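Enquirer: Quick one: the structure is below, questions incoming.
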């Protein structure tokens, strides 16, 4: 049999975390309802970020090109994250590390050329 008393601190932590998070979320909602600050009207529901009404339904789907640009940004951002540790440890890795990184950068350059040729970087 497993001694389940070792898991008691974890269970207490989860109960306390659930209790605090529910208080933090639901207490302001309840106070707002009880004090009368929850009174929606046309002024409160109007657009306040850009100053003019939205042209389309806010729940409309994004264009797939937005996601392509976001994925490409993440890929090339990760490239920079790999370059810093490589540059710091280049004296330890030697020519093998240099060759490996050049292959990696070559693959990324081919991917960038492919994306550029397919028009993934063009924005209309």
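Numbering (the numbering used here), first residue to last: 19 to 142. Positions of the beta carbon are idealized from the N, C-alpha and C atoms, including for glycine. Because the structure is a prediction, the values reported are computed rather than measured.
1. Any chance the segment 103-122 sits against the segment 80-93, with 3 or more Cβ pairs inside 8 Å?
2. At a cut of 8 Å, does the segment 94-110 reach the segment 43-55 through at least three beta carbon pairs?
3. How about the segment 130-142 and the segment 87-96: do they share at least three Cβ pairs that are nearer than 8 Å?
4. Whole angstroms are fine: how far does the CA of residue 95 sit from the CA of residue 139?
5. The alpha helix (DSSP H) spanning residue 117 covers which residue range?
6. Whole-angstrom Cβ separation of residue 120 and residue 104, contact assumed at under 8 Å?
Expert: Let's see:
1. With a cut-off of 8 Å, the segment 80-93 and the segment 103-122 do not count as touching, because too few Cβ pairs lie within range.
2. No: fewer than three Cβ pairs fall under 8 Å.
3. Flag = yes, the segment 130-142 and the segment 87-96 touch.
4. Against the chain shown, residue 139 aligns to sequence position 121. Against the chain shown, residue 95 aligns to sequence position 77. C-alpha separation (whole angstroms): 15 Å.
5. Position 99 of the chain shown, counted from the first residue, corresponds to residue 117. That run of the alpha helix (DSSP H) goes 108-136.
6. The residue labelled residue 120 in the question sits at position 102 within the chain shown. The residue labelled residue 104 in the question sits at position 86 within the chain shown. Actually they are not in contact, since the Cβ atoms of residue 120 and residue 104 sit about 11 Å apart, beyond 8 Å.
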